[in-house]
Amino acid sequence: MRNQLTAGLGIEEFWRTYPELSYSHELGSGINLDVMLWKWSHDPDLARRSYRTDLESHEPIRVFVRANEALAFVHGTERWEPRGGETIGEFRTVLTLRRSDATWTIVKTDEQMLGERPATDPPH
Numbered sequence: 005m006r007n008q009l010t011a012g013l014g015i016e017e018f019w020r021t022y023p024e025l026s027y028s029h030e031l032g033s034g035i036n037l038d039v040m041l042w043k044w045s046h047d048p049d050l051a052r053r054s055y056r057t058d059l060e061s062h063e064p065i066r067v068f069v070r071a072n073e074a075l076a077f078v079h080g081t082e083r084w085e086p087r088g089g090e091t092i093g094e095f096r097t098v099l100t101l102r103r104s105d106a107t108w109t110i111v112k113t114d115e116q117m118l119g120e121r122p123a124t125d126p127p128h
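In my numbering, the protein residues as written are 5 to 128.
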């Protein structure tokens with residue numbers, strides 16, 4: 005998903021696939037920041053190239069399922085090439101998923117901000 009956003013996928017097309025991610029963006033708490041990633045990666049002044057992620061570079065993805073809801077905990081690394089060489093960053097993201105018609109869809113992304121403890125429980 006992140007790689008697609010930085011490789012030319014339009015934000016409108018992304019939101020057609022994940023409509024609930026377009027509803028609420030909370031910069032301060034890291035909720036649904038996908039539009040920020042899209043803007044950041046399409047800014048010609050920043051000249052970012054070759055964005056890629058390793059979703060399990062720090063630990064395996066953990067998924068907790070309860071009925072038709074799930075939480076997926078991702079602790080990975082992102083790499084990109086701005087002017088002047090490669091940059092590497094660590095990220096923690098909690099994805100909230102909902103099942104409908106036997107298909108799981110991401111309905112919320114929560115980037116764990118500096119100092120914020122990631123959730124430790126499956127959905128209630």
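For glycine and all other residues, C-beta sits at the position ideal for the given N, C-alpha and C.
All of these numbers come straight from a predicted model, not from anything done at the bench.
Review point. For G65, which option in S54, N72, T81 has the closest C-alpha, if you only look at C-alpha atoms?
Key: Along the sequence shown, read from residue 1 onward, the residue named residue 65 stands at position 61. Looking at the sequence shown, residue 65 is not Gly but Ile. The candidate whose alpha carbon is nearest that of I65 is T81.
Point to revise | Inter-residue spacing [alpha-carbon to alpha-carbon] between R203 and N72 | key: With the chain running from 5 to 128 in the structure shown, residue 203 is simply not present.
Review point. Count the other CB atoms within 10 Å of the CB of E115; is the residue buried (16 or more) or exposed (fewer)?
Key: The residue labelled residue 115 in the question sits at position 111 within the sequence shown. By the 10 Å Cβ count, E115 comes out buried.
Practice item. Assign L25 to one of three DSSP states: helix, strand, or coil. Key: The sequence position of residue 25 within the sequence shown is 21, counting from 1. If DSSP states are grouped into helix, strand and coil, L25 belongs with the helices.
**Study point:** For E73, the three-state DSSP class (helix, strand or coil)
**Key:** The sequence position of residue 73 within the sequence shown is 69, counting from 1. Strand.
Exercise for review: Could you tell me the distance, in whole angstroms, from the CA atom of V78 to the CA atom of Q8?
Suggested key: Position 74 of the sequence shown, counted from the start, is the residue given in the question as residue 78. Position 4 of the sequence shown, counted from the start, is the residue given in the question as residue 8. One C-alpha to the other measures close to 17 Å.
Review point. To the nearest angstrom, how far is it from the Cα of G34 to the Cα of A74?
Key: Residue numbering aside, residue 34 sits at position 30 when the sequence shown is read from its first letter. Residue numbering aside, residue 74 sits at position 70 when the sequence shown is read from its first letter. Those two C-alpha atoms are separated by around 19 Å.
Exercise for review: Figure out for me which residue from T109, K43, I92, S61 has the closest Cα to the Cα of R20.
Suggested key: Start at 1 with the first residue of the sequence shown, and residue 20 comes out as number 16. When each option's Cα is compared against that of R20, the closest is T109.
Check your understanding: For R121, which of helix, strand or coil comes out of DSSP?
Key -> Stepping through the sequence shown from its first residue, residue 121 is reached at position 117. The three-state secondary structure of R121, taken from DSSP, is coil.
Review point. According to DSSP, what are the bridge partners of S61?
Key: Your numbering for residue 61 matches position 57 in the sequence shown. Partner(s): none; S61 has no beta bridge.
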